Amino acid sequence: MKKLIAVIAVLFLSGCAELQSVVNNLPNQVGVDNTTIASGLRQALDFGIDKQVTKLTQEDGYYGNPLVKILLPEELQKVDNTLRSVGLGSLADEGLKVLNRAAEDAVSTATPIFVDAVKQITFNDAKNILLGSDNSATQYLENKTNAALYAKFNPIIEQSFNKVGADKIWSNLITKYNALPLTNDVNPDLTDYVTNQALKGVYTMIAVEEKDIRTNTAARTTTLLQKVFALQD
């Protein structure tokens, strides 16, 4: 058994070493350096922002898109169910809609933040990102920018709540719920919740475009994209 485990370990390590060797030497083999690969990855992310994230800024960009539609947080599911059970379904529907409206409004204001974030990204491990999963570049972007974007996005969401009237609707909705007999009062931080869900939706849509560029050669509409992503085919 020990010999078998040792053989498997050797084979596994040899395979990893061989794969890493391919990754390290790939650009040299085809004449594409890391700088070019990084530029291609940035362009793919830029396309994701331009083609997909802008869709989120339209009316029903979130609300009408099942990939990113913001649903109620768990602690408010009981609020929704209870209000519907006492004939306040239209109020519950409006409460859900304005959460999505706030996200749609905020994304239109915050799109330049994402564009600037992509410009500032340096892909130190561009080859590994290129040869990673269908959303590796998006994951890299999320890991590098999520905290900073949250800090900028959160006050925009709060302003959007006021702009679309979500604050008043939810204040009324929660007041009515808390006034019902046999219910426990709720006071959720909806700004935090919608901020996180809005950001999640943005990264989801960027990943949609990245996957399309990776898997559909027709989506590579520039010479740079064709040159770089041919490496991972």
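Under mature numbering (1 follows the signal peptide of the UniProt record, and there is no 0), the residues of the sequence shown are numbered -19 to -1, 1 to 214, in order. In this text, a Cβ means the ideal position worked out from N, Cα and C, and glycines have one as well. Since the model is a prediction, treat every value here as computed from it, not as a measurement.
Contact check, residue i vs residue j, beta carbons under 7 Å
i: A98; j: I138; result: no
i: N81; j: Y43; result: yes
i: V183; j: V79; result: no
i: A107; j: I30; result: no
i: Q24; j: L205; result: yes
i: L48; j: T185; result: yes
i: A118; j: E191; result: yes
i: S152; j: D86; result: no
i: D61; j: L69; result: no
i: I150; j: E40; result: no
i: L37; j: V88; result: yes
i: R65; j: D115; result: no
i: L111; j: Q213; result: yes
Local conformation of residue i per DSSP, three classes
i: residue 215; result: Because the chain is modelled from -19 through 214, residue 215 falls outside the range shown and cannot be assessed.
i: V60; result: helix
i: T198; result: helix
i: N15; result: helix
i: L51; result: Correcting the residue type first, residue 51 is Ile in the shown sequence and not Leu. I51: coil per DSSP, three-state reduction.
i: A160; result: helix
i: N177; result: helix
i: N153; result: helix
i: V167; result: coil
i: residue 216; result: Residue 216 lies beyond the residue range present for the chain, which begins at -19 and ends at 214; the question has no answer from this structure.
i: D27; result: helix
i: T203; result: coil
i: S193; result: Per the sequence shown, residue 193 should be read as Asp rather than Ser. D193: helix per DSSP, three-state reduction.
i: T35; result: helix
i: D74; result: helix
> Given 8 Å as the limit, is there contact between the segment 87 to 102 and the segment 159 to 170, that is, 3 or more CB pairs closer than that?
Replying inline: In short, these stretches do not touch, since the Cβ pair count stays below three.
>> Restricting to runs no shorter than 4 residues, where is the alpha helix (DSSP H) found entirely within the segment 80 to 150?
In response: 107 to 111 and 117 to 145
> When the Cβ atoms of the segment 172 to 183 are set against those of the segment 51 to 65, are three or more pairs found closer than 8 Å?
Replying inline: Taking a cut-off of 8 Å on C-beta distances, the segment 172 to 183 touches the segment 51 to 65, as three or more cross pairs fall below it.
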